[in-house]
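> Before I ask anything, here is the structure I am working with.
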Amino acid sequence: MSDQHEKSAEIIKSCCTKFYENDLVSLVLGENFHPGGEELTLYLGEKLRLDENSLVLDVACGSGTSAITLAKRFGCHVVGIDLSEKNLAKARVKANAARLSQQLNFVKSDAENITFEHETFDVVMSECALCTFPDMKAAVNEMHRVLKKGGKIGITDVTIEDEIPNNLKEVIYHVICIAGALSAPGYQKILSERGFIDVHFEDHSYAIREIIERIGKLALSLDIIEKFCECDLAESLGINFERANNILKRGFEELEKGTFRYGLFTGIRGEN
Ligand SMILES: C[S@@+](CC[C@H](N)C(=O)[O-])C[C@H]1O[C@@H](n2cnc3c(N)ncnc32)[C@H](O)[C@@H]1O
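The sequence shown maps to residues 5 to 276 in the working numbering.
Shown next as structure tokens:
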């Protein structure tokens with residue numbers, strides 16, 4: 005990688021990390037920073053056939069919600085890695101509070117350079133994060149490397165199936181950091197090329213619809229609060245409600261058209 009590329013990759017990673025550390029983002033998204041919430045995480049856990057013998061790696065674990073949910077439901081051990089010290093610290097506090105510290109470990113590590121030995125994990129999973137990595141192929145290589153032969157991979161992510169209109173591009177590329185999202189066949193190709201077999205895709209786009217609706221309701225309630233208390237909430241939060249509503253409306257229309265989707269990918273690490 006050239007120096008210039010390396011520099012811009014570091015900027016993308018740091019922007020993404022800061023965005024998902026922001027308290028306003030936590031307010032909007034809640035504990036889960038991915039569409040589908042706990043329900044989709046548990047469904048993924050079922051698909052990956054987790055049990056108390058599974059050692060799982062959660063790549064880009066955020067504040068640890070998925071890792072904790074899986075440890076609680078399936079009795080598995082989960083290592084969560086992320087670049088955000090702030091979210092990792094939150095994850096450790098939540099694991100302690102849930103009395104699950106014995107099953108959970110949160111470590112700072114870059115998805116593109118995972119600090120674990122070859123063939124360490126039975127399962128590698130990652131929710132709504134692959135599309136944010138500047139070098140997605142490097143991340144998939146690393147997931148493959150740390151997974152035992154015959155181990156399972158489970159990924160949920162945004163897919164972009166068609167050209168995104170310009171006014172949505174800015175938000176999608178620079179605000180929610182999903183510049184690298186591929187089409188569903190694009191992700192399947194990367195996984196297959198790296199040696200994953202039995203690669204399957206399932207559509208879970210309803211999960212994005214739910215998030216857009218939730219953000220819409222939140223924007224509306226902030227708008228009502230602002231009118232009620234005659235305060236300039238928008239300015240103090242740095243939000244332009246009208247613009248936010250327009251973006252949400254466009255997002256909804258593009259989702260209905262199938263321009264982007266939310267998908268679940270599973271596969272098995274082959275012998276190579
Ligand atoms: C959309 S959030 C998803 C978090 C979590 N998987 C969840 O579903 O709640 C994306 C996460 O990726 C992390 N991240 C971004 N680039 C990363 C990288 N190169 N390595 C590890 N984590 C990274 C961010 O800090 C953030 O926590």
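For each residue, glycine too, the CB sits at the ideal point set by N, CA and C.
What you are looking at is a predicted structure, and each value in this text was computed from that prediction instead of being measured.
So, at 8 Å on beta carbons, what are the nonlocal neighbours of R213 in its own chain, with the 5 sequence-adjacent residues on each side left out?
Only F256 and L259 meet the Cβ criterion.
> Between the C-alpha atoms of H81 and I72, what's the straight-line distance to the nearest angstrom?
9 Å
> Per DSSP, what kind of secondary structure is L92 in: helix, strand or coil?
If DSSP states are grouped into helix, strand and coil, L92 belongs with the helices.
> How far does the beta strand (DSSP E) with S130 in it reach, from first residue to last?
F125 to E131
> Could you please give the first and the last residue of the uninterrupted alpha helix (DSSP H) stretch that includes R77?
T69 to F78
> Any idea what DSSP makes of L172, helix, strand or coil?
Here L172 sits in helix by DSSP.
> Could you pull the DSSP bridge partners for L108 from this structure?
V82
> Give me the Cβ distance between F78 and L61, rounded to the nearest whole Å; I'm assuming they're in contact under 8 Å.
Contact doesn't hold; Cβ gap of about 14 Å is too wide.
> Looking only at its chain, what residues have a beta carbon closer than 8 Å to the beta carbon of H122, apart from the 5 residues adjacent to it on each side?
R149 and V150
> For V111, which residues in the same chain have their Cβ closer than 6 Å to its Cβ, ignoring the five residues on either side in sequence?
I85
> Quick check: does the Cβ of K98 come within less than 7 Å of any heavy atom belonging to ligand 1?
no
> With 16 other CB atoms within 10 Å as the buried threshold, where does R198 fall?
buried
> Let me check understanding here. Comparing Cα to Cα, which of A143, Y266, L252 and P169 lies closest to A13?
A143
> Does DSSP classify F23 as helix, strand or coil?
helix
> Could you work out which residue in D114, N26 and R265 is closest to T160 when comparing CA atoms only?
R265
> Determine the DSSP secondary structure at F37, reduced to helix, strand or coil.
If DSSP states are grouped into helix, strand and coil, F37 belongs with coil.
> Take the Cβ of S130 as the centre, count every other Cβ of all protein chains shown within 10 Å, and call the residue buried at 16 or more, exposed below.
buried
> How far does the alpha helix (DSSP H) with R273 in it extend, from its first residue to its last?
Looking at the DSSP string, R273 is not in any alpha helix (DSSP H); the run it does join, the beta strand (DSSP E), is F264 to R273.
> Within this structure, are the beta carbons of G68 and A101 separated by less than 8 Å?
No, these two residues do not count as a Cβ contact at 8 Å.
> How should G66 be labelled, buried or exposed, when 16 other C-beta atoms within 10 angstroms of its C-beta is the threshold for buried?
buried
> Which residues in the same chain as T119 place their Cβ atom closer than 6 Å to its Cβ, once the five residues preceding and following it in sequence are excluded?
Cβ within range, chain order: S113.
> Using the three-state DSSP reduction, which class does H208 fall into: helix, strand or coil?
coil
> Using 10 angstroms around the beta-carbon of I194, count the other beta-carbons present and answer buried if the total reaches 16, otherwise exposed.
Burial call: buried.
> Taking only the alpha-carbon atoms, compute the straight-line gap between I182 and N57 and give it to the nearest angstrom.
34 Å
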